[in-house]
Each structure stands twice: as structure tokens, then as C-alpha cells.
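Heads up: the sequence lines are chains V and D, in that order. Numbering of the first sequence is given in this note's numbering, commencing with residue 1 and proceeding in unit increments. Numbering of the second sequence is given in this note's numbering, commencing with residue 1 and proceeding in unit increments. We put the beta carbon where it would ideally sit given N, CA and C, even for glycine. Predicted model only: the values in this text are computed from it and were never measured. A quick write-up on the structure given underneath.
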Amino acid sequence: MKTSTTDFGYQQVPTEQKVEKVKQVFDSVANRYDVMNDLMSLGLHRLWKRMAIDICGAKRGDVVLDIATGTGDLAKPLAQIVGSKGLVVCSDINQAMLSLGRDKLIDQGLVGNIEYVQADAQNLPFPAYSFDKITIGFGLRNVTDKLQALTSMCQVLKPGGKALILEFSHPRSQPLKTLYDVYSFQILPLMGKIVAKDSESYRYLAESIRMHPDQMILQQMLEQAGFGQCDHVNLSGGIVAIHWGYKL
Amino acid sequence: MKLPSLVVAGLESAINTVIGLDEEILPQFAKLEDKVIAIECLDLELSLYFLPHAQGLKLLTDYNGQADTLLRGSAIALLGMSYRQRPEKSLFSGEVKITGDTELGQRFQTLLQSIDIDWEEYLSQLIGDVPAHQVNRALKWGKEKQQKTMDTLQQNLAEYLQYEVDTLPSKPATENFIHQVDQLRTDLDRLEARIQRLESTIN
């Protein structure tokens, strides 16, 4: 019997191995994750995340699920917006990242309206109609079955709720694409080697971005998963895109 | 018009840095958690939402819910209100309109105005205790000197305009004039009431 395979960067690996391989990547980079994010994006990731928060449209009292919460960069402003009457549920499949994120948020005094759940985005362990908003920042491309994850998000969202995906995407112009390729495959692994002592994880990052669906395909996947009024906006020339859809 | 994310992020960061320098103010912001204060600048068609929380302030250009307090006015009026010793004057004069929870608006403004930064403590972390104390003393001396100079200048200017060139009346003369106007208005009201009473008697 032929085993099903999936992409892990440019490699094809047995589907059941992808989760473990992604886990190894994030276990390896967890401690230097924030520093590397700042270095790799020249601090731009903060602005991309801020724009995601603006588009997300969370308000006081909302119950928000932040998938692939990582070090809590989206969870922090979300918790500040929803206030004490709201709730932010931070979820991540990776225990090291979730633990790092929880420690960071607690150290910054963010307690009371945040909960932490180690969960697989493809099978979210929440009752249907639980959340007003769902965010996933730089996490979807690491998920094995993206459509299943989007369907799971749609299930746990309340009617009228909004899901937002912040993710690397595909640059829209050829000159930018050429520059971006040089940066991703020559400079990024070198930075990873020097700062995080791990060039392979950052090579995976560059490859996984190329294998991630482009803007239009991801929007179609959102519609396929059951979302309505889907749209997207390109940031930094399409290097990053924010997609969103509503549960109608 | 919508402020760019970069500008709002910078503004929010600057405000929170300033708030972070005053240890006593943060618990006051925590007390306003769950409230939303909106400021609408009419001439620039610009809205900004302030969401206080335990770590400071969150600024948003869009907010899907309803703000608890809305302050509307021109950019100059809103700025003037934030600098005034008695901000309620801007409200009574109608330059700034406040809707919703007015007490919250005033509490929020008082909170922003009451931020008292311990510069000496902040500086001491950067350059050490002794130099920080010296710098702080020099700054305090400079501030006092500037205040004294401003007071003297204001007094001299007032005296020059009142007594030297006789352009402006003195404060007692102005008060006396206002009192006389008030007296005249009261007398007029009395006279009017008397005439009306006489007319009704004749009819």
C-alpha cells in the first residue's frame, strides 16, 4: 500500500511525519524565535501583526482564539482589547512555543483573561460556536492539512464571527520576487546559523513559504472551508498577506 | 482620513513608554479596563480609540463596538482641551462636544494630565545616581527660572499695557465695570417687570 505524502519545505515526507518534523523545527528555534523574527523581517513583523489586529476587529468582551500563538505577539494586543470581560484562548501544537508564550505574557502582566491550550489546528478541541474571532499568525503554512484546519476554525466560530490569517505569501512583482529569493535562500539560512545556530530550520522556513498557497488559492480555500465574504490584503508587496472570512 | 498603522504604533509606543515611567499611574489605567474612549477630530476627519488596560493604553483607528465616551471637536479645540488647566471650559464653550459617559471622559483626561514621570529615577538607570541627581537639579533650576521669567514678563507686560500706554483697564476697574453692567441689567429687569405690572393694572 502506498503511503500518502505531504510537503515539508521542498521535501515530500509521509503525512504522519510532518507534525513531528515541524515540532523539531520549532523546538530548535523557540529560544531565539523573537530575536530571529526581528532580524529576519527588520522589525516589520510587528507592523504586519499590528495591521492584522486592526483588521481582526476584536472588541471589548469578545472571545478570541489565537491559533499557533507562538510567543504571544497577537495574543497580547488581543487580550488588551477584549479586556477583563473577554477571553483570549492561546493555542499551539508545540508545547515549547506555548510554554514560552505563556511565560512571556505572564511576565508582562497579562493574566486573568488568557487561557492556554495545546491543540492541533486541524482538530480544534472546542465546542461549535465558541469564538467571536479567530486569528492565526504565521502558523497555517506549518499545518499538514490546511483545508481541514480552516474547516475546523469555521466550526468553532460563532455565526457572524471572523477568522483572520496572517501568513507569508507570494510577492506580486518579479523584481521583488528575485530579491526576496536571494534574501530567503542565501541570507536567511546564514542568519539562522549565526543567531539561532540552526540554518536548516530557516531553510525550511524559506521553502515552506514557497510551498504555501498563493493569495488567490488561499482565499478559495477559505471559501471551500465554509467562510463567506472572504478577502485579502497584501502587505510589503505580497511578501505577507492577511486573509479573512466570516462565518455566515 | 485614517492614521497609518506605523503612526498609531509609534504614538501608542510613545504613550506607553511615558506611562511606564510613572509607577503610580498604571493601576489607575487598570481601573478603566473594559472602557473605550473615542476622540473624533472633525476637521481632519480622524478617529482614534483609546482602550485602557493594566499595562497602559491600546490605540486603535477602528473599533467595531460602541465607545463609552466620545469627544468631538476640531483639532485645535481638542488640543486646547488637553493643555487647559480647566478642560471643562472647552466643553462649556461648545468647542468640544462630549457624548456618552462624561465622567469617564473627565477621569481619562485627568489621568493623562496627572502622569508624573520620575525622570531622576529613569536617568539614574542610564547614567548612575549622582549624575542623574545633578542633571535633575539643573533641570529643576532651569524650569523654576523659566517660570519666574515668564511670570515677570507677564506682569511687566500687563503693567505696561495698563499704566504706561493705558490700552487695557486694570483688573479692579474691569471688575467694577462688570459689576455696574450687572447692576444695570438687574435694574432694567426690575423696571421691565414694573412696567408690565402697571400695564396689566391699566388694562
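Which partner residues does Gln11 of chain V have in the DSSP bridge list?
-> Beta-bridge analysis with DSSP links Gln11 of chain V to V:Phe8.
Would the beta-carbon of Leu166 of chain V be found less than 7 Å away from any heavy atom of the ligand ADP?
-> This structure simply doesn't include the ligand ADP, nor any ligand for that matter.
Environment of Asn156 of chain D [buried if 16+ CB atoms lie within 10 Å] = Exposed, since its Cβ has fewer than 16 Cβ neighbours within 10 Å.
Cβ shell of Lys35 of chain D (< 7 Å), same chain only, five flanking positions each side left out = Taking C-beta separations shorter than 7 Å and ignoring five residues to either side along the sequence, the partners of Lys35 of chain D in its chain run Pro52, Asp68 and Leu104, following chain order.
Which residues, in order along the stretch 79 to 95 of chain V, keep a beta-carbon less than 7 Å from a beta-carbon of chain D?
-> Interface annotation for the stretch 79 to 95 of chain V against chain D: Gln80, Ile81, Gly83, Ser84 and Lys85, criterion Cβ-Cβ distance under 7 Å.
For Pro150 of chain D, is the classification buried or exposed, using 16 other Cβ atoms within 10 angstroms of its Cβ as the cut-off for buried?
-> The amino acid occupying residue 150 of chain D in the given sequence is Met; Pro does not appear at that position. Met150 of chain D is exposed by the Cβ-count criterion.
Beta-carbon of Gly238 of chain V versus every beta-carbon of chain D: anything under 8 Å?
-> It does not; no Cβ of chain D falls within 8 Å.
Please list the partners that Asp62 of chain D has in chain V, where partner means a Cβ-to-Cβ separation under 8 Å.
-> Ordered by position in chain V, the residues that pass the 8 Å Cβ test against Asp62 of chain D are Asp54 and Gly57.
Alpha carbon to alpha carbon, how far is Gln224 of chain V from Gln122 of chain V? Give it in angstroms, no decimals.
-> Gln122 of chain V and Gln224 of chain V: Cα-Cα distance of roughly 15 Å.
Kindly indicate the opening and closing residues of the alpha helix (DSSP H) around Gly192 of chain V.
-> Per DSSP, Gly192 of chain V belongs to the alpha helix (DSSP H) from Leu188 to Val195.
Check whether the Cβ of Lys58 of chain D lies closer than 8 Å to any Cβ atom in chain V.
-> The C-beta of Lys58 of chain D comes closer than 8 Å to at least one C-beta of chain V.
Where Lys104 of chain V falls: helix, strand or coil (DSSP) = DSSP places Lys104 of chain V in helix when its eight states are reduced to three.
Any idea what DSSP makes of Asp92 of chain V, helix, strand or coil?
-> Correct three-state label for Asp92 of chain V: strand.
Between which two residues does the beta strand (DSSP E) carrying Ile25 of chain D extend?
-> Secondary structure note for Ile25 of chain D: it is in no beta strand (DSSP E), with a DSSP letter that is neither H nor E.
Report back the beta-carbon spacing between Val88 of chain V and Ala75 of chain V to the nearest angstrom; my notes put them in contact at under 8 Å.
-> 5 Å between Cβ atoms; contact.
When D:Ala54, D:Ser47, D:Lys58 and D:Asn16 are compared against Leu78 of chain D, the one with the closest alpha-carbon = Answer by Cα proximity: D:Ser47.
Are the beta-carbon atoms of Ile53 of chain V and Pro77 of chain V separated by less than 8 Å?
-> Yes. Within cutoff.
Output the boundary residues of the beta strand (DSSP E) element that contains Val63 of chain V.
-> If you look at Val63 of chain V, you'll find it in the beta strand (DSSP E) that goes Val63 to Ile67.
Unbroken alpha helix (DSSP H) runs of length 4 or more, entirely within the stretch 118 to 190 of chain D: which are they?
-> Fully enclosed alpha helix (DSSP H) runs of 4 or longer: 119 to 127 and 129 to 159.
Can you grab the Cα-Cα spacing for the pair Glu199 of chain D / Arg190 of chain D, in whole Å?
-> When rounded, the distance between both Cα atoms is 14 Å.
Within the same chain, show all residues whose beta-carbon is closer than 8 Å to that of Gly112 of chain V, passing over the 5 residues directly before and after it, in chain order.
-> Counting only Cβ-Cβ distances below 8 Å, and skipping sequence neighbours, we find Ser84.
Name, in chain order, the residues that DSSP records as bridge partners for Thr69 of chain D.
-> In DSSP, Thr69 of chain D forms a bridge with D:Ile37 and D:Gly100.
Beta-bridge pairing of Gly80 of chain D - partner residues as DSSP gives them | None, per the DSSP bridge assignment.
So what does Thr135 of chain V bridge to, in DSSP terms?
-> Beta bridge pairing from DSSP links Thr135 of chain V with V:Asp66 and V:Leu164.
Kindly list, in the order they appear in chain B, the residues whose Cβ is closer than 9 Å to that of Arg102 of chain V.
-> Checking the listed chains, one finds no chain B in this structure; the protein chains it contains are V and D.
For the alpha helix (DSSP H) that Lys146 of chain V lies in, which residues bound it at each end?
-> Lys146 to Val156 is the extent of the alpha helix (DSSP H) around Lys146 of chain V.
So which of V:Phe168, V:Gln186, V:Leu205 and V:Gly101 has the shortest CA-CA distance to Asn234 of chain V?
-> Residue V:Phe168 is the option with its Cα nearest to Asn234 of chain V.
Supposed close pair Lys158 of chain V, Trp244 of chain V - CB separation, criterion 8 Å | Actually they do not touch by this definition, with Cβ atoms about 15 Å apart.
State the DSSP-derived secondary structure class of Ile242 of chain V, mapped to helix, strand or coil.
-> Strand.
Ser47 of chain D bridges to which residues according to DSSP?
-> Under the DSSP definition of a beta bridge, Ser47 of chain D partners with D:Glu40.
Run of the beta strand (DSSP E) containing His232 of chain V, from where it starts to where it stops | It spans Gly228 to Leu235 - the beta strand (DSSP E) in which His232 of chain V sits, taken as one unbroken run.
Taking Glu120 of chain D as the reference, give the member of D:Asp129, D:Gln113 and D:Ser114 with the closest Cα.
-> For Glu120 of chain D, the closest of D:Asp129, D:Gln113 and D:Ser114 by C-alpha to C-alpha distance is D:Asp129.
When the Cα of Gly56 of chain D is compared with those of D:Val18, D:Ile195, D:Leu71 and D:Gln162, which residue comes out closest?
-> For the residues D:Val18, D:Ile195, D:Leu71 and D:Gln162, the minimum Cα distance to Gly56 of chain D belongs to D:Val18.
Which residues share a DSSP beta bridge with Glu115 of chain V?
-> V:Val89.
Taking any Cβ of chain V, which residues in the stretch 2 to 33 of chain D have a Cβ under 7 Å from it, in chain order?
-> Within the stretch 2 to 33 of chain D, the residues whose Cβ lies closer than 7 Å to some Cβ of chain V are Ser5, Leu6, Ala9 and Glu33, listed in chain order.
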